[in-house]
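Trainee:
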(Lines of atoms letter the chains of each structure in order from A and count residues from 1; the text may use other names and numbers.)
(Lines give C-alpha, C1' and ligand atoms only; values in the text may rest on other atoms or scores of the structure.)
Protein backbone atom coordinates (compact mmCIF):
# COMPACT_ATOMS: atom_id res chain seq x y z
CA UNK A 1 0.00 0.00 0.00
CA UNK A 2 1.39 3.40 -0.94
CA UNK A 3 1.75 6.26 1.50
CA UNK A 4 4.19 8.91 2.68
CA UNK A 5 6.63 9.89 5.40
CA UNK A 6 6.50 13.09 7.41
CA UNK A 7 9.75 14.88 8.25
CA UNK A 8 10.74 17.19 11.08
CA UNK A 9 11.83 20.40 9.28
CA UNK A 10 14.26 21.31 12.07
CA UNK A 11 16.19 18.03 12.05
CA UNK A 12 15.11 16.52 8.69
CA UNK A 13 14.42 13.30 10.61
CA UNK A 14 11.45 11.06 9.88
CA UNK A 15 8.49 11.55 12.22
CA UNK A 16 5.99 9.02 10.95
CA UNK A 17 4.78 6.97 8.02
CA UNK A 18 1.14 6.98 6.91
CA UNK A 19 -0.50 4.52 4.56
CA UNK A 20 -3.03 5.90 2.12
CA UNK A 21 -6.61 4.84 2.77
CA UNK A 22 -8.16 2.10 0.71
CA UNK A 23 -11.19 2.83 -1.47
CA UNK A 24 -13.42 1.07 1.05
CA UNK A 25 -12.04 3.21 3.91
CA UNK A 26 -12.67 6.34 1.87
CA UNK A 27 -16.24 5.25 1.19
CA UNK A 28 -16.70 4.54 4.90
CA UNK A 29 -15.67 8.08 5.84
CA UNK A 30 -18.09 9.66 3.37
CA UNK A 31 -20.92 7.36 4.46
CA UNK A 32 -20.34 8.11 8.15
CA UNK A 33 -20.18 11.86 7.45
CA UNK A 34 -23.52 11.67 5.63
CA UNK A 35 -25.18 9.56 8.34
CA UNK A 36 -23.89 11.91 11.04
CA UNK A 37 -25.18 14.91 9.08
CA UNK A 38 -28.66 13.39 8.94
CA UNK A 39 -28.70 13.43 12.75
CA UNK A 40 -26.56 16.47 13.55
CA UNK A 41 -28.48 18.82 11.26
CA UNK A 42 -31.62 18.15 13.32
CA UNK A 43 -29.98 18.75 16.69
CA UNK A 44 -31.14 21.88 18.53
CA UNK A 45 -28.82 24.85 18.23
CA UNK A 46 -28.18 24.68 21.98
CA UNK A 47 -26.64 21.23 21.52
CA UNK A 48 -24.28 22.49 18.83
CA UNK A 49 -23.31 25.46 20.99
CA UNK A 50 -22.46 23.13 23.87
CA UNK A 51 -20.26 21.17 21.50
CA UNK A 52 -18.28 24.33 20.68
CA UNK A 53 -17.88 25.20 24.35
CA UNK A 54 -16.54 21.74 25.02
CA UNK A 55 -14.22 21.94 22.01
CA UNK A 56 -12.78 25.25 23.25
CA UNK A 57 -12.15 23.67 26.64
CA UNK A 58 -10.37 20.68 25.09
CA UNK A 59 -8.20 22.89 22.89
CA UNK A 60 -6.98 24.72 25.97
CA UNK A 61 -6.44 21.54 27.97
CA UNK A 62 -4.31 20.07 25.17
CA UNK A 63 -2.65 23.32 24.06
CA UNK A 64 0.91 22.27 24.88
CA UNK A 65 0.59 18.88 23.19
CA UNK A 66 -1.03 20.35 20.08
CA UNK A 67 1.52 23.16 19.81
CA UNK A 68 4.43 20.74 20.17
CA UNK A 69 2.98 18.57 17.42
CA UNK A 70 2.68 21.54 15.04
CA UNK A 71 6.24 22.60 15.83
CA UNK A 72 7.48 19.07 15.16
CA UNK A 73 5.56 18.61 11.91
CA UNK A 74 5.94 22.00 10.22
CA UNK A 75 8.50 23.95 12.24
CA UNK A 76 6.35 26.73 13.67
CA UNK A 77 8.09 28.44 16.63
CA UNK A 78 6.50 27.00 19.77
CA UNK A 79 5.28 30.32 21.18
CA UNK A 80 3.46 31.02 17.90
CA UNK A 81 2.07 27.48 17.85
CA UNK A 82 0.62 27.94 21.33
CA UNK A 83 -0.88 31.24 20.20
CA UNK A 84 -2.47 29.49 17.24
CA UNK A 85 -4.18 26.92 19.47
CA UNK A 86 -5.48 29.65 21.78
CA UNK A 87 -6.84 31.55 18.77
CA UNK A 88 -8.71 28.40 17.76
CA UNK A 89 -10.26 28.17 21.23
CA UNK A 90 -11.28 31.84 21.10
CA UNK A 91 -12.97 31.22 17.77
CA UNK A 92 -15.07 28.49 19.38
CA UNK A 93 -15.89 30.95 22.18
CA UNK A 94 -16.96 33.60 19.66
CA UNK A 95 -19.31 31.36 17.69
CA UNK A 96 -20.77 29.80 20.83
CA UNK A 97 -21.54 33.25 22.25
CA UNK A 98 -23.07 34.62 19.04
CA UNK A 99 -24.73 31.61 17.42
CA UNK A 100 -28.26 32.36 18.59
CA UNK A 101 -28.25 35.91 17.22
CA UNK A 102 -26.51 34.94 13.98
CA UNK A 103 -28.90 32.08 13.23
CA UNK A 104 -32.10 33.75 14.36
CA UNK A 105 -34.97 33.57 11.86
CA UNK A 106 -35.69 36.82 10.05
CA UNK A 107 -39.33 37.90 10.05
CA UNK A 108 -40.27 39.96 6.99
CA UNK A 109 -43.40 42.12 6.73
CA UNK A 110 -45.35 41.14 3.58
CA UNK A 111 -48.99 40.69 2.58
CA UNK A 112 -48.83 37.13 3.93
CA UNK A 113 -49.90 36.21 7.44
CA UNK A 114 -46.29 35.28 8.18
CA UNK A 115 -43.10 35.46 6.12
CA UNK A 116 -39.74 34.38 7.40
CA UNK A 117 -36.24 33.57 6.26
CA UNK A 118 -34.39 30.73 7.96
CA UNK A 119 -31.18 28.86 7.26
CA UNK A 120 -30.47 25.18 6.77
CA UNK A 121 -27.10 23.39 6.52
CA UNK A 122 -25.71 22.26 3.19
CA UNK A 123 -24.63 18.72 4.09
CA UNK A 124 -21.17 17.18 3.98
CA UNK A 125 -18.43 19.80 3.44
CA UNK A 126 -15.04 18.84 2.03
CA UNK A 127 -12.26 20.96 3.56
CA UNK A 128 -8.91 20.97 1.76
CA UNK A 129 -6.43 22.69 4.03
CA UNK A 130 -2.72 23.66 4.00
CA UNK A 131 0.08 23.05 6.46
CA UNK A 132 1.10 26.58 7.44
CA UNK A 133 -1.50 27.07 10.18
CA UNK A 134 -2.40 23.42 10.71
CA UNK A 135 -5.09 24.05 13.34
CA UNK A 136 -6.31 27.55 12.55
CA UNK A 137 -7.00 26.86 8.88
CA UNK A 138 -9.17 23.90 9.84
CA UNK A 139 -10.93 25.62 12.74
CA UNK A 140 -11.98 28.70 10.79
CA UNK A 141 -13.73 26.46 8.27
CA UNK A 142 -14.90 23.51 10.36
CA UNK A 143 -16.19 25.39 13.43
CA UNK A 144 -18.77 27.53 11.57
CA UNK A 145 -19.56 24.61 9.29
CA UNK A 146 -20.38 22.23 12.15
CA UNK A 147 -22.18 24.95 14.11
CA UNK A 148 -24.38 25.42 11.05
CA UNK A 149 -25.29 21.72 11.20
CA UNK A 150 -22.94 20.36 8.55
CA UNK A 151 -20.33 17.64 8.85
CA UNK A 152 -16.79 18.03 7.54
CA UNK A 153 -14.39 15.73 5.72
CA UNK A 154 -10.85 17.07 6.01
CA UNK A 155 -8.04 16.53 3.52
CA UNK A 156 -5.08 18.16 5.21
CA UNK A 157 -1.58 18.67 3.83
CA UNK A 158 0.42 15.46 4.11
CA UNK A 159 3.14 16.97 6.30
CA UNK A 160 0.62 17.96 9.00
CA UNK A 161 -1.37 14.73 9.05
CA UNK A 162 -0.67 14.29 12.77
CA UNK A 163 -2.23 17.70 13.48
CA UNK A 164 -5.29 16.74 11.44
CA UNK A 165 -5.79 13.48 13.32
CA UNK A 166 -5.31 15.25 16.67
CA UNK A 167 -8.08 17.72 15.81
CA UNK A 168 -10.39 14.90 14.76
CA UNK A 169 -9.84 13.27 18.17
CA UNK A 170 -10.90 16.47 19.94
CA UNK A 171 -13.95 16.78 17.68
CA UNK A 172 -15.02 13.25 18.61
CA UNK A 173 -14.50 13.85 22.31
CA UNK A 174 -16.32 17.19 22.28
CA UNK A 175 -19.26 15.88 20.25
CA UNK A 176 -19.47 12.45 21.83
CA UNK A 177 -19.85 10.88 18.40
CA UNK A 178 -17.99 10.02 15.20
CA UNK A 179 -18.40 11.70 11.85
CA UNK A 180 -18.50 15.43 12.58
CA UNK A 181 -14.89 15.80 11.42
CA UNK A 182 -13.32 12.96 9.44
CA UNK A 183 -9.76 12.94 8.11
CA UNK A 184 -8.80 11.55 4.72
CA UNK A 185 -5.27 10.19 4.59
CA UNK A 186 -5.12 9.93 0.85
CA UNK A 187 -3.41 11.14 -2.29
CA UNK A 188 -4.82 14.36 -3.74
CA UNK A 189 -6.00 12.43 -6.78
CA UNK A 190 -8.90 10.98 -4.75
CA UNK A 191 -10.37 14.47 -4.38
CA UNK A 192 -11.77 14.23 -7.89
CA UNK A 193 -13.88 11.29 -6.72
CA UNK A 194 -14.84 12.94 -3.42
CA UNK A 195 -15.94 16.22 -5.02
CA UNK A 196 -18.01 14.28 -7.56
CA UNK A 197 -19.77 12.30 -4.80
CA UNK A 198 -23.40 13.41 -4.53
CA UNK A 199 -23.21 13.26 -0.72
CA UNK A 200 -20.58 16.03 -0.66
CA UNK A 201 -22.37 19.35 -1.06
CA UNK A 202 -19.64 21.97 -0.68
CA UNK A 203 -15.89 22.46 -0.83
CA UNK A 204 -13.71 24.89 1.11
CA UNK A 205 -10.10 25.17 0.03
CA UNK A 206 -7.20 27.20 1.34
CA UNK A 207 -4.22 26.77 -0.93
CA UNK A 208 -2.50 27.81 -4.12
CA UNK A 209 -4.04 29.60 -7.07
CA UNK A 210 -3.55 26.49 -9.20
CA UNK A 211 -5.23 24.21 -6.66
CA UNK A 212 -8.12 26.65 -6.27
CA UNK A 213 -8.69 26.82 -10.01
CA UNK A 214 -8.72 23.02 -10.32
CA UNK A 215 -11.11 22.56 -7.39
CA UNK A 216 -13.44 25.34 -8.59
CA UNK A 217 -13.62 23.72 -12.02
CA UNK A 218 -14.45 20.32 -10.53
CA UNK A 219 -17.00 21.74 -8.10
CA UNK A 220 -18.62 23.79 -10.85
CA UNK A 221 -18.98 20.71 -13.01
CA UNK A 222 -20.98 19.08 -10.20
CA UNK A 223 -22.76 22.28 -9.03
CA UNK A 224 -21.15 22.34 -5.59
CA UNK A 225 -20.74 25.43 -3.39
CA UNK A 226 -17.10 26.57 -3.16
CA UNK A 227 -15.15 28.85 -0.81
CA UNK A 228 -11.59 29.61 -1.92
CA UNK A 229 -8.88 31.35 0.11
CA UNK A 230 -5.86 31.37 -2.15
CA UNK A 231 -2.49 33.08 -2.28
CA UNK A 232 -1.56 36.66 -1.63
CA UNK A 233 1.16 39.17 -2.37
CA UNK A 234 0.11 41.71 0.22
CA UNK A 235 1.47 45.23 -0.30
CA UNK A 236 2.37 47.31 2.74
CA UNK A 237 2.46 50.99 1.75
CA UNK A 238 4.61 53.38 3.77
CA UNK A 239 3.62 56.93 2.81
CA UNK A 240 5.67 60.08 3.31
CA UNK A 241 3.78 61.08 6.48
CA UNK A 242 4.07 57.64 8.10
CA UNK A 243 5.49 56.89 11.51
CA UNK A 244 8.46 55.12 9.94
CA UNK A 245 9.59 53.42 13.14
CA UNK A 246 6.12 51.94 13.63
CA UNK A 247 5.96 50.85 9.98
CA UNK A 248 9.31 49.07 10.25
CA UNK A 249 8.47 47.31 13.54
CA UNK A 250 5.06 46.17 12.34
CA UNK A 251 6.43 45.30 8.92
CA UNK A 252 9.09 42.98 10.32
CA UNK A 253 6.49 41.19 12.43
CA UNK A 254 4.07 41.00 9.49
CA UNK A 255 6.72 39.63 7.12
CA UNK A 256 8.41 37.07 9.36
CA UNK A 257 5.52 35.67 11.40
CA UNK A 258 5.37 31.90 10.94
CA UNK A 259 8.82 32.18 9.34
CA UNK A 260 7.26 34.13 6.48
CA UNK A 261 4.91 31.29 5.54
CA UNK A 262 1.53 32.98 5.69
CA UNK A 263 -0.97 33.90 2.97
CA UNK A 264 -1.53 37.28 4.62
CA UNK A 265 2.05 38.04 5.51
CA UNK A 266 3.43 41.34 4.25
CA UNK A 267 4.94 40.35 0.90
CA UNK A 268 5.90 43.67 -0.73
CA UNK A 269 6.93 46.84 1.10
CA UNK A 270 6.23 49.86 -1.10
CA UNK A 271 7.80 52.97 0.39
CA UNK A 272 7.65 56.54 -0.90
CA UNK A 273 11.00 58.14 -1.67
CA UNK A 274 10.89 60.67 1.20
CA UNK A 275 11.12 57.94 3.86
CA UNK A 276 12.64 55.08 1.86
CA UNK A 277 16.21 55.18 3.20
CA UNK A 278 15.07 55.52 6.81
CA UNK A 279 12.63 52.63 6.43
CA UNK A 280 15.24 50.32 4.88
CA UNK A 281 17.71 51.09 7.67
CA UNK A 282 15.19 50.49 10.45
CA UNK A 283 13.80 47.37 8.76
CA UNK A 284 17.23 45.77 8.37
CA UNK A 285 18.10 46.58 11.99
CA UNK A 286 14.83 45.06 13.27
CA UNK A 287 15.28 41.98 11.09
CA UNK A 288 18.78 41.39 12.46
CA UNK A 289 17.27 41.36 15.95
CA UNK A 290 14.94 38.44 15.15
CA UNK A 291 16.07 35.21 16.78
CA UNK A 292 16.44 32.28 14.41
CA UNK A 293 16.83 28.73 15.64
CA UNK A 294 15.28 25.66 17.21
CA UNK A 295 11.50 26.19 17.02
CA UNK A 296 11.09 24.37 20.34
CA UNK A 297 12.83 27.30 22.07
CA UNK A 298 10.13 29.74 23.31
CA UNK A 299 12.40 32.72 22.53
CA UNK A 300 12.89 31.78 18.86
CA UNK A 301 10.94 33.95 16.40
CA UNK A 302 11.94 32.38 13.07
CA UNK A 303 12.21 28.64 12.60
CA UNK A 304 12.89 26.44 9.58
CA UNK A 305 10.73 26.37 6.50
CA UNK A 306 8.21 23.56 6.53
CA UNK A 307 9.69 21.52 3.67
CA UNK A 308 12.91 21.52 1.70
CA UNK A 309 11.14 21.91 -1.66
CA UNK A 310 9.64 25.16 -0.36
CA UNK A 311 13.12 26.39 0.57
CA UNK A 312 14.45 25.47 -2.87
CA UNK A 313 11.64 27.41 -4.56
CA UNK A 314 12.32 30.45 -2.36
CA UNK A 315 16.03 30.24 -3.19
CA UNK A 316 15.17 30.22 -6.89
CA UNK A 317 12.94 33.31 -6.53
CA UNK A 318 15.67 35.24 -4.71
CA UNK A 319 18.49 34.15 -7.03
CA UNK A 320 16.53 35.01 -10.18
CA UNK A 321 15.63 38.42 -8.77
CA UNK A 322 19.28 39.11 -7.92
CA UNK A 323 20.25 38.11 -11.46
CA UNK A 324 17.79 40.76 -12.67
CA UNK A 325 19.36 43.48 -10.52
CA UNK A 326 17.91 43.16 -7.02
CA UNK A 327 20.26 43.81 -4.09
CA UNK A 328 20.42 41.65 -0.98
CA UNK A 329 20.75 43.88 2.09
CA UNK A 330 20.62 40.97 4.54
CA UNK A 331 20.52 37.17 4.31
CA UNK A 332 19.78 35.86 0.85
CA UNK A 333 20.80 32.24 1.34
CA UNK A 334 20.05 28.98 3.08
CA UNK A 335 21.63 28.33 6.44
CA UNK A 336 23.91 25.31 6.80
CA UNK A 337 22.91 22.31 8.86
CA UNK A 338 20.31 19.61 8.68
CA UNK A 339 17.16 21.73 8.99
CA UNK A 340 15.27 23.53 6.22
CA UNK A 341 16.43 27.02 7.23
CA UNK A 342 16.52 30.10 5.02
CA UNK A 343 18.07 33.19 6.57
CA UNK A 344 15.76 36.19 7.09
CA UNK A 345 16.33 38.26 3.98
CA UNK A 346 15.84 41.91 3.03
CA UNK A 347 16.06 42.97 -0.63
CA UNK A 348 16.08 46.34 -2.37
CA UNK A 349 16.32 47.50 -5.97
CA UNK A 350 13.14 45.57 -6.75
CA UNK A 351 11.43 45.89 -10.14
CA UNK A 352 7.96 44.59 -11.07
CA UNK A 353 9.42 42.03 -13.50
CA UNK A 354 11.24 40.19 -10.70
CA UNK A 355 9.88 36.99 -9.10
CA UNK A 356 9.98 38.52 -5.60
CA UNK A 357 7.54 41.18 -6.83
CA UNK A 358 5.43 39.22 -9.30
CA UNK A 359 4.95 35.93 -7.46
CA UNK A 360 3.87 35.01 -3.97
CA UNK A 361 7.00 34.79 -1.81
CA UNK A 362 6.27 32.15 0.82
CA UNK A 363 9.19 32.42 3.20
CA UNK A 364 11.33 34.86 5.20
CA UNK A 365 12.15 37.29 2.37
CA UNK A 366 11.19 40.98 2.43
CA UNK A 367 11.34 42.91 -0.87
CA UNK A 368 11.37 46.71 -0.38
CA UNK A 369 10.29 48.80 -3.38
CA UNK A 370 10.85 52.54 -3.75
CA UNK A 371 7.92 54.60 -5.08
CA UNK A 372 8.39 58.17 -6.25
CA UNK A 373 5.09 59.30 -4.76
CA UNK A 374 1.76 58.12 -3.39
CA UNK A 375 0.22 57.62 -6.83
CA UNK A 376 3.02 55.31 -7.92
CA UNK A 377 2.87 53.47 -4.59
CA UNK A 378 -0.82 52.72 -5.14
CA UNK A 379 -0.22 51.66 -8.74
CA UNK A 380 2.55 49.28 -7.64
CA UNK A 381 0.37 47.91 -4.85
CA UNK A 382 -2.36 46.97 -7.31
CA UNK A 383 0.11 45.63 -9.89
CA UNK A 384 -0.56 42.03 -8.91
CA UNK A 385 -3.06 39.34 -9.78
CA UNK A 386 -3.69 38.81 -6.06
CA UNK A 387 -5.96 40.72 -3.69
CA UNK A 388 -5.94 39.16 -0.23
CA UNK A 389 -4.65 41.81 2.16
CA UNK A 390 -2.86 45.16 2.26
CA UNK A 391 -1.74 47.80 4.74
CA UNK A 392 -1.20 51.56 4.70
CA UNK A 393 1.02 53.49 7.09
CA UNK A 394 0.16 57.19 7.37
CA UNK A 395 -0.48 59.71 10.14
CA UNK A 396 -3.51 60.96 8.18
CA UNK A 397 -5.86 58.16 9.18
CA UNK A 398 -8.91 59.61 7.42
CA UNK A 399 -7.07 59.84 4.12
CA UNK A 400 -5.60 56.36 4.62
CA UNK A 401 -9.10 54.97 5.12
CA UNK A 402 -10.23 56.64 1.90
CA UNK A 403 -7.31 55.11 0.01
CA UNK A 404 -8.08 51.72 1.56
CA UNK A 405 -11.74 51.92 0.56
CA UNK A 406 -11.42 53.29 -2.98
CA UNK A 407 -7.88 52.66 -4.23
CA UNK A 408 -6.59 49.32 -2.93
CA UNK A 409 -8.04 46.17 -4.49
CA UNK A 410 -7.88 43.76 -1.56
CA UNK A 411 -10.24 41.90 0.73
CA UNK A 412 -8.69 43.20 3.98
CA UNK A 413 -6.81 46.46 4.54
CA UNK A 414 -5.08 47.43 7.79
CA UNK A 415 -4.24 51.03 8.68
CA UNK A 416 -1.04 51.49 10.71
CA UNK A 417 -1.06 47.81 11.62
CA UNK A 418 -0.78 44.33 10.16
CA UNK A 419 -3.37 42.14 8.49
CA UNK A 420 -4.48 39.49 10.98
CA UNK A 421 -7.49 37.20 10.62
CA UNK A 422 -10.00 37.59 13.45
CA UNK A 423 -13.07 35.42 14.13
CA UNK A 424 -15.15 38.59 14.58
CA UNK A 425 -14.33 39.88 11.07
CA UNK A 426 -14.94 38.40 7.61
CA UNK A 427 -11.79 37.23 5.87
CA UNK A 428 -11.11 36.52 2.22
CA UNK A 429 -9.71 37.91 -0.99
CA UNK A 430 -10.55 39.15 -4.45
CA UNK A 431 -9.19 38.37 -7.90
CA UNK A 432 -6.71 35.45 -7.85
CA UNK A 433 -6.84 35.34 -4.05
CA UNK A 434 -10.20 33.59 -4.19
CA UNK A 435 -13.83 34.22 -3.36
CA UNK A 436 -16.25 33.64 -0.53
CA UNK A 437 -15.56 34.62 3.06
CA UNK A 438 -14.45 32.87 6.21
CA UNK A 439 -15.12 33.87 9.83
CA UNK A 440 -17.71 36.18 11.42
CA UNK A 441 -21.33 35.67 10.38
CA UNK A 442 -20.27 35.83 6.73
CA UNK A 443 -18.22 32.66 7.12
CA UNK A 444 -21.09 30.92 8.87
CA UNK A 445 -23.53 31.75 6.07
CA UNK A 446 -21.18 30.27 3.45
CA UNK A 447 -22.21 26.86 4.83
CA UNK A 448 -25.95 27.51 4.97
CA UNK A 449 -28.80 27.49 2.51
CA UNK A 450 -31.36 30.28 2.74
CA UNK A 451 -34.91 28.99 3.05
CA UNK A 452 -37.93 31.27 2.65
CA UNK A 453 -41.28 30.31 4.19
CA UNK A 454 -44.62 32.07 3.90
CA UNK A 455 -47.95 31.37 5.60
CA UNK A 456 -51.04 32.59 3.73
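Numbering (our numbering), first residue to last: -18 to 437. Note that CB positions come from ideal geometry on N, CA and C, so glycine has one too. Given the structure is predicted, the values throughout are model-derived calculations rather than measurements.
Can the beta-carbon of residue 433 be found less than 8 Å from the beta-carbon of residue 354?
Mentor: Position 452 of the chain shown, counted from the start, is the residue given in the question as residue 433. Position 373 of the chain shown, counted from the start, is the residue given in the question as residue 354. No, the pair does not count as a contact, with Cβ atoms beyond the cut-off.
Trainee: Less than 8 Å between the C-beta atoms of residue 220 and residue 375, yes or no?
Mentor: The residue you call residue 220 lines up with position 239 of the chain shown. The residue you call residue 375 lines up with position 394 of the chain shown. Contact flag set, yes.
Trainee: Check whether the segment 105 to 115 touches the segment 78 to 86, counting contact only when three or more Cβ pairs, one atom from each stretch, lie closer than 8 Å.
Mentor: Cβ pair count under 8 Å is below three, so no.
Trainee: Assign residue 268 to one of three DSSP states: helix, strand, or coil.
Mentor: Counting from 1 along the chain shown, the entry for residue 268 is found at position 287. Here residue 268 sits in helix by DSSP.
Trainee: Hey, could you find the ends of the beta strand (DSSP E) residue 210 is sitting in?
Mentor: The residue labelled residue 210 in the question sits at position 229 within the chain shown. From DSSP, the beta strand (DSSP E) with residue 210 extends over 206 to 210.
Trainee: Using the DSSP secondary-structure output, state which residues sit across from residue 430 in a beta bridge.
Mentor: Stepping through the chain shown from its first residue, residue 430 is reached at position 449. Looking at the DSSP assignment, residue 430 forms a beta bridge with 101.
Trainee: Count the other CB atoms, across all protein chains shown, that sit within 10 Å of the CB of residue 272; report buried if there are 16 or more and exposed otherwise.
Mentor: Walking along the chain shown from the start, residue 272 turns up at place 291. With fewer than 16 Cβ atoms within 10 Å of its Cβ, residue 272 is classed as exposed.
Trainee: Give the C-beta separation of residue 127 and residue 14 to the nearest angstrom, bearing in mind that I take them to be a contact with Cβ-Cβ under 8 Å.
Mentor: Translated into the one-based positions of the chain shown, residue 127 becomes position 146. Translated into the one-based positions of the chain shown, residue 14 becomes position 33. Contact doesn't hold; Cβ gap of about 11 Å is too wide.
Trainee: So what does DSSP say about residue 307, is it helix, strand or coil?
Mentor: Taking the first residue of the chain shown as position 1, residue 307 is located at position 326. Of the three classes helix, strand and coil, the one that applies to residue 307 here is coil, per DSSP.
Trainee: Ignoring anything shorter than 3 residues, give me the beta strand (DSSP E) runs that lie fully in the segment 364 to 417, in order along the chain.
Mentor: If we require 3 residues or more, the beta strand (DSSP E) runs fully inside the segment 364 to 417 come out as 370 to 374 and 393 to 396.
Trainee: Going straight from the alpha carbon of residue 309 to that of residue 330, what length do you get?
Mentor: Against the chain shown, residue 309 aligns to sequence position 328. Against the chain shown, residue 330 aligns to sequence position 349. Going from the Cα of residue 309 to the Cα of residue 330 covers about 9 Å.
Trainee: Quick check on the DSSP output: the alpha helix (DSSP H) that includes residue 239 runs from which residue to which?
Mentor: On the chain shown, position 258 is the one that residue 239 refers to. Counting along the chain, residue 239 falls outside any alpha helix (DSSP H), and DSSP gives it neither H nor E.
Trainee: Should residue 333 be labelled buried (16 or more other beta-carbon atoms within 10 Å of its own) or exposed?
Mentor: Here residue 333 corresponds to residue number 352 of the chain shown, with the count starting at 1. Result: exposed.
Trainee: Please report how far the alpha carbon of residue 168 lies from the alpha carbon of residue 1, in whole angstroms.
Mentor: As a position in the chain shown, residue 168 is number 187, starting the count at 1. As a position in the chain shown, residue 1 is number 20, starting the count at 1. The straight-line gap from Cα to Cα measures roughly 7 Å.
Trainee: For residue 18 and residue 24, what's the separation of their Cα atoms in angstroms?
Mentor: Counting from one through the chain shown, the residue named residue 18 turns up at place 37. Counting from one through the chain shown, the residue named residue 24 turns up at place 43. Answer to the nearest angstrom: the Cα atoms are 10 Å apart.
Trainee: Compare the beta carbon distance of residue 246 and residue 229 with 8 Å and say whether it is the shorter of the two.
Mentor: Mapped onto the chain shown, residue 246 falls at position 265. Mapped onto the chain shown, residue 229 falls at position 248. It is not a contact, given that the beta carbons lie outside the stated cut-off.
Trainee: Answer yes if the segment 58 to 76 comes into contact with the segment 35 to 44, meaning at least three C-beta pairs across the two stretches below 8 Å, and no otherwise.
Mentor: These segments touch.
Trainee: Looking only at its own chain, which residues have a Cβ that is under 8 Å from the Cβ of residue 16, when we skip the five neighbours before and after it?
Mentor: Translated into the one-based positions of the chain shown, residue 16 becomes position 35. Counting only Cβ-Cβ distances below 8 Å, and skipping sequence neighbours, we find 160.
Trainee: What three-state label does DSSP hand residue 216 in the structure shown?
Mentor: As a working mapping, residue 216 is identified with position 235 in the chain shown. Of the three classes helix, strand and coil, the one that applies to residue 216 here is strand, per DSSP.
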